[in-house]
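**Q** One structure follows; several queries about it will come next.
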């Protein structure tokens, strides 16, 4: 039983990290209708920049600030070079363009910072913690708890940003209807820049957390692929959906690996479990758990 | 096969009421808590032009969607060619049995040419298997030519020869409406449902479209049920009119009867007039 | 001779419905066929055939497959690699279990097996639409590759996990598969298959089934009301798409690399094929060839360009720069012409038609 709870707990904590990546997707999709495949490479690029700056000798806080500035610049560049020229194109074209951005950022980050695996140590404690539970103890690492805390704070900040500020109101207006928002004087382009910048910053935090756990490396951008089932499971437009989707998939795949894996005599079902789970859920609820209901009419 | 031969001899009418092609019996339809239609009954006689009118949100489009099976009503039945379908028909069944329609907001296949759109109206009439199609041989080749001839007849009838090979997404609104009518005609329907065929048109375009509708009705004997907001057009071209308001039927009869009905006047002008 | 449409009147619907209604086009295609079938194998060196032509043909076939599903039927798929792998492993199992089975039958059967797998993973498309469907196809991608990796039965319990494709002859002892076959034989064999399948795809696209696919793509509700059954139509697209991808996968393993390994069909392969389809042109068979040519040639150009210019660039840096340039070019092409090379080709032809009088 303790083993089950421990697996569950660790899965949930991994899920928080998935959710962090998925969060960036949801923000952009909500505000611009763009299914941003490049979110994963934004995570990697942000983490590479951050770790590169630290290796360069910058203090952590300064490195963080510079990285944030870089992500804002990236958002600005993407808005200028990719989104504006492609405005009013079908969604699939924008989606493909973000795959282009994905390739560019992956190559760019590694061109500048190299492709070695970098250790990221910013003083987040890595030591294991034993939480007493029933007969025995539950093993979790501090960094996972820390990441969960950061995730919680980020979601809170974003919720406030979206619900309470003028910018947030503009964002929600744009999300509802581009043209209507534009016609009441909301500057579409700066709203997009803001959203992409926020998504980049969320990506930076996600990258720092993943990087501290696994090291900063190319495979980080593949974590983003795992974020796809997370956000589709949660519903493309829902921030709580991204969080809960992340938790479900994180916990689900860990439990499946340990308890289902032996039954079918093979390991690494983590590779596909998330996608299958999301697919099955979507069969029942095509709009995801928290997505807006799709009504068909003619 | 030419256009004038297009109409299949109309199927035998229902035994209950001879002359009825379709009737709707006590149909109720709700979406969640919203009642779109409540206990609506009316009939459509073979060969007539039947108008469905009513203020916005009265449930007119929902009614057409029930008739051709896209929505299944929670209560009531649709009787078509004397056959009773509790809870309505299925879309494929309705299409295969001679019901075709156009849509309020044009629902053409935007990436396809006019020709292909209208050819698509004939999918249910083509029978070559996939292997024949892949090699463009035997039945597939023969059918493509045969059906092309019918479709050219429709293109000719609607005067859209010049845009035959233009992707419909590039056409102006009025022509798109015409192509959509052509696509519905390609199925050689016994019952043609038109959802606001003249919405957004200017007077001349409306006159053209009215002419096409009357021609289809007279030349091919096609029964037509249409939704329209322009009262002038409705009164001119339809044989009988059913009026819906808040999902209920409030009047049913000839244009003159309906025009004189106090309930209809109230629904359109509001209480107090 | 001028390239003219004006003045060329068709007197029958068959002539008007031809794939190449203009005579000059037909002459050009015939010339092209001669070049592909005679000149290239005679004149091309080994490098040209093995690095450019074989991957080009096989990718073009896979791109046609994906184009059927995504371009014609509008169902976004990121699982192409998985379906290609299915074809490759099916071909391996079939040809090792039944060594006497003719290679053409092996390919046909492995295509059919891939089609069945495609149908299975296409079932969710009844309810899942658009981007949401991408997750179902990713499930196919990761699950299939995982399955071929983890269960030894698929590799005949080979210890290394890398297995070589068996040599098989087309007739007599003329080998066409594995590295034992001559490059020319493999090339011509691939060319034959790709040409036949491409023509079949073009014919389907302009027939009833193609119109049904496009109807579902453009307006699925209207299509359903016209009596087109959505699930059946989508599944047919999944089936044909996977059939093509499966054969392409089998050809990749048997004709090109000579080895059967899941790694060759990972998720990056799926993206690569998707690029070919987008850059070439969604909903265009000819575009699939353009896209495949572009994706095959681009890395070769990028790798060699610094050398031609006299620079020496370290290889790892080069691969990163390649990523960047690739990304930029994709965005660039999407901005310049979202409808892909196929549309550029069409515009070029129209210009040529009017030349030398532009108005």
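Residue numbers (our numbering), protein chains in the order written: chain W, 206 to 503; chain U, 11 to 283; chain X, 877 to 1235. Glycine included, every Cβ here is placed at the ideal spot set by N, Cα and C.
Looking only at C-alpha atoms, which of U:193, U:209, U:35 sits nearest to residue 301 (chain U)?
**A** There is no way to answer for residue 301 (chain U), as the model of chain U reaches only from 11 to 283.
**Q** Are three or more beta carbon pairs between the stretch 364 to 379 of chain W and the stretch 249 to 262 of chain W nearer than 8 Å?
**A** Because the criterion of three Cβ pairs below 8 Å is not met, the stretch 364 to 379 of chain W and the stretch 249 to 262 of chain W do not touch.
**Q** Give the secondary structure of residue 1166 (chain X) by DSSP, where H, G and I count as helix, E and B as strand, and everything else as coil.
**A** If DSSP states are grouped into helix, strand and coil, residue 1166 (chain X) belongs with the helices.
**Q** Per DSSP, what kind of secondary structure is residue 1150 (chain X) in: helix, strand or coil?
**A** Helix.
**Q** Given that residue 41 (chain U) touches chain X, what residues does it touch there, using C-beta distances under 7 Å?
**A** Result: empty, since nearest Cβ-Cβ is about 16 Å, beyond 7 Å.
**Q** Using a Cβ-Cβ cutoff of less than 6 Å, which residues in the same chain neighbour residue 292 (chain U) once the five nearest sequence positions on both sides are dropped?
**A** There is simply no residue 292 (chain U) to check, as chain U begins at 11 and stops at 283 in what is shown.
**Q** Rank U:88, U:218, U:134 by C-alpha distance to the C-alpha of residue 96 (chain U) and give the top, closest one.
**A** Answer by Cα proximity: U:88.
**Q** Give the secondary structure of residue 55 (chain U) by DSSP, where H, G and I count as helix, E and B as strand, and everything else as coil.
**A** Here residue 55 (chain U) sits in strand by DSSP.
**Q** For the stretch 170 to 184 of chain U against the stretch 97 to 114 of chain U, are there 3 or more C-beta pairs whose distance is under 8 Å?
**A** No, because fewer than three Cβ pairs between the stretch 170 to 184 of chain U and the stretch 97 to 114 of chain U fall closer than 8 Å, the two stretches do not touch.
**Q** Report the neighbours of residue 118 (chain U) on chain X: residues whose CB is nearer than 8 Å to its CB, in chain order.
**A** By Cβ distance, chain X contributes 1094, 1095, 1098.
**Q** To be precise: take each residue of the stretch 466 to 486 of chain W, compare its Cβ to all Cβ atoms of chain X, and keep it if any distance is under 8 Å. Which residues remain?
**A** Cβ contacts with chain X come from 471, 472, 473, 474, 476, 477, 480, 481, 483, 484.
**Q** Applying the 10 Å Cβ sphere with the 16-neighbour rule, what's the burial state of residue 264 (chain W)?
**A** Burial call: exposed.
**Q** For a quick check, are the C-beta atoms of residue 446 (chain W) and residue 412 (chain W) less than 9 Å apart?
**A** For residue 446 (chain W) and residue 412 (chain W), no; Cβs fall outside 9 Å.
**Q** For residue 135 (chain U), which option in U:154, U:226, U:50 has the closest C-alpha, if you only look at C-alpha atoms?
**A** The shortest C-alpha separation from residue 135 (chain U) is found at U:154.
**Q** Taking 9 Å as the threshold (C-beta atoms), are residue 1201 (chain X) and residue 1178 (chain X) in contact?
**A** Contact flag set, yes.
**Q** Between which two residues does the beta strand (DSSP E) harbouring residue 202 (chain U) extend?
**A** 201 to 205 is the span of the beta strand (DSSP E), which, as asked, contains residue 202 (chain U).
**Q** Give the residues from the stretch 1166 to 1196 of chain X that approach chain W closer than 9 Å (Cβ to any Cβ), ordered along the chain.
**A** Listed by position, the residues of the stretch 1166 to 1196 of chain X near chain W (Cβ gap below 9 Å) are 1192, 1193, 1195, 1196.
**Q** Residues in its own chain within less than 7 Å of residue 977 (chain X) by CB, not counting five upstream and five downstream?
**A** Counting only Cβ-Cβ distances below 7 Å, and skipping sequence neighbours, we find 970, 971.
**Q** Quick one: residues in its chain with C-beta nearer than 8 Å to the C-beta of residue 165 (chain U), no 5 flanking neighbours on either side, listed in chain order?
**A** Cβ neighbours of residue 165 (chain U) beyond the five flanking positions: 124, 125, 128, 171, 174, 192.
**Q** Measure the C-alpha to C-alpha separation of residue 130 (chain U) and residue 151 (chain U) and round it to an integer number of angstroms.
**A** Roughly 16 Å between the two C-alpha positions.
**Q** Between U:82, U:225, U:159, U:74, which lies nearest to residue 247 (chain U) when the distance is taken from Cα to Cα?
**A** Taking only the C-alpha atoms, the option nearest residue 247 (chain U) is U:225.
**Q** Taking buried to mean at least 16 other C-beta atoms within 10 Å of its own C-beta, is residue 905 (chain X) buried or exposed?
**A** With fewer than 16 other Cβ atoms within 10 Å, it is exposed.
**Q** Given a threshold of 16 other Cβ atoms within 10 Å of its Cβ, counted over all protein chains shown, does residue 56 (chain U) qualify as buried or as exposed?
**A** The residue is buried, with at least 16 neighbouring Cβ atoms inside 10 Å.
**Q** Ignore the nearest five residues each way along the sequence and tell me which others in residue 966 (chain X)'s own chain have a CB closer than 8 Å to its CB.
**A** Closer than 8 Å at the Cβ level, and outside the excluded window around residue 966 (chain X), lie 985, 986, 989, 990, 1122, 1126.
**Q** Mind listing the chain X neighbours of residue 134 (chain U)? Cutoff is C-beta to C-beta under 7 Å, in chain order.
**A** What residue 134 (chain U) touches in chain X: 1103.
**Q** According to DSSP, residue 235 (chain U) sits in a beta bridge with which residue or residues?
**A** DSSP lists U:60, U:203 as partners of residue 235 (chain U).
**Q** Taking CB distances under 9 Å as the criterion, tell me whether residue 1120 (chain X) reaches chain U.
**A** Answer no: the Cβ-Cβ gap between residue 1120 (chain X) and chain U never drops below 9 Å.
**Q** Using only the alpha-carbon positions, how far apart do residue 284 (chain U) and residue 1082 (chain X) sit?
**A** Absent from the structure is residue 284 (chain U), since the part of chain U shown begins at 11 and ends at 283.
**Q** Does DSSP put residue 89 (chain U) in a helix, in a strand, or in coil?
**A** In the structure shown, residue 89 (chain U) sits in a strand (DSSP, three-state: E or B).
**Q** Could you have a look at residue 1047 (chain X) and say whether DSSP puts it in helix, strand or coil?
**A** Here residue 1047 (chain X) sits in strand by DSSP.
**Q** If we count the other Cβ atoms within 10 Å of its Cβ and call it buried at 16 or more, is residue 15 (chain U) buried or exposed?
**A** The predicted position of residue 15 (chain U) is uncertain, since its pLDDT is 41 and thus under 50; a value taken from the coordinates is nonetheless stated next. Exposed, since its Cβ has fewer than 16 Cβ neighbours within 10 Å.
**Q** Tell me which residues share the same chain as residue 42 (chain U) and place their Cβ nearer than 8 Å to its Cβ, disregarding the 5 neighbours each side in the sequence.
**A** Answer for residue 42 (chain U): no residue qualifies.
**Q** Would a C-beta distance cut-off of 9 Å place residue 203 (chain U) and residue 74 (chain U) closer than the cut-off?
**A** Their beta carbons are under 9 Å apart, which means residue 203 (chain U) touches residue 74 (chain U) by this criterion.
**Q** Are any of the Cβ atoms in chain W nearer than 9 Å to that of residue 1003 (chain X)?
**A** Yes, contact with chain W.
**Q** Given 8 Å as the limit, is there contact between the stretch 904 to 921 of chain X and the stretch 1054 to 1069 of chain X, that is, 3 or more CB pairs closer than that?
**A** The stretch 904 to 921 of chain X vs the stretch 1054 to 1069 of chain X: in contact.
**Q** So within the stretch 130 to 196 of chain U, which uninterrupted alpha helix (DSSP H) runs reach at least 4 residues, ignoring any that extend past its ends?
**A** Within the stretch 130 to 196 of chain U, the complete alpha helix (DSSP H) runs of at least 4 residues are 140 to 145, 148 to 167, 183 to 196.
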